[in-house]
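**Student:** Before I ask anything, here is the structure I am working with.
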Amino acid sequence: DAFDKATGRTKYYEDRMPSGALYARIKHSEIAHGYVKSIDTSAAEAIEGVVKVLTCFDVPDIAFPTAGHPWSMDPGHQDTADRHLLNRHVRYYG
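Going by the numbering used here, the first residue of the sequence shown is number 237, and it counts up by one from there.
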């Protein structure tokens with residue numbers, strides 16, 4: 237099967253998409269530091285085939301621990317202070 241792999245003919249797991257599968261795209265930050273006040277999603281929503289545009293305003297603002305560190309939920313630790321799904325606080329570009 238080396239020839240098929242070398243020529244791009246081999247089908248890998250990622251090459252097999254189930255019927256009706258959705259794709260996701262992430263829009264990365266264009267600033268290095270700041271706070272998200274609002275997001276205009278109208279241009280993305282107008283694209284044919286777009287099912288849903290998710291933003292930081294669509295999920296609860298709940299802190300979570302780093303995987304494998306259950307102690308980080310202890311209130312005495314600051315480890316969870318900046319870990320949120322789709323965080324509103326931008327800390328890096330890209």
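Note that beta-carbon positions come from the ideal geometry of N, C-alpha and C, so glycine has one too.
Take L258 as the anchor and find which of V272, V287 and Y328 has the nearest alpha-carbon.
**Tutor:** Ranking the options by Cα distance to L258, first place goes to V287.
**Student:** Indicate, with yes or no, if the ligand ATP has a heavy atom lying under 8 angstroms from the CB of R252.
**Tutor:** Annotation note on the ligand ATP: not contained in the displayed structure, which lists no ligands.
**Student:** Roughly how many angstroms separate the alpha carbons of S255 and G285, rounded to a whole number?
**Tutor:** Distance between the alpha carbons of S255 and G285: 15 angstroms.
**Student:** Determine the extent of the alpha helix (DSSP H) in which A242 is found, giving its start and end residues.
**Tutor:** Note, A242: alpha helix (DSSP H), A238 to A242.
**Student:** Relative to the alpha-carbon of K263, which residue among H269, V289 and G270 has its alpha-carbon at the smallest distance?
**Tutor:** Here the closest residue by C-alpha is V289.
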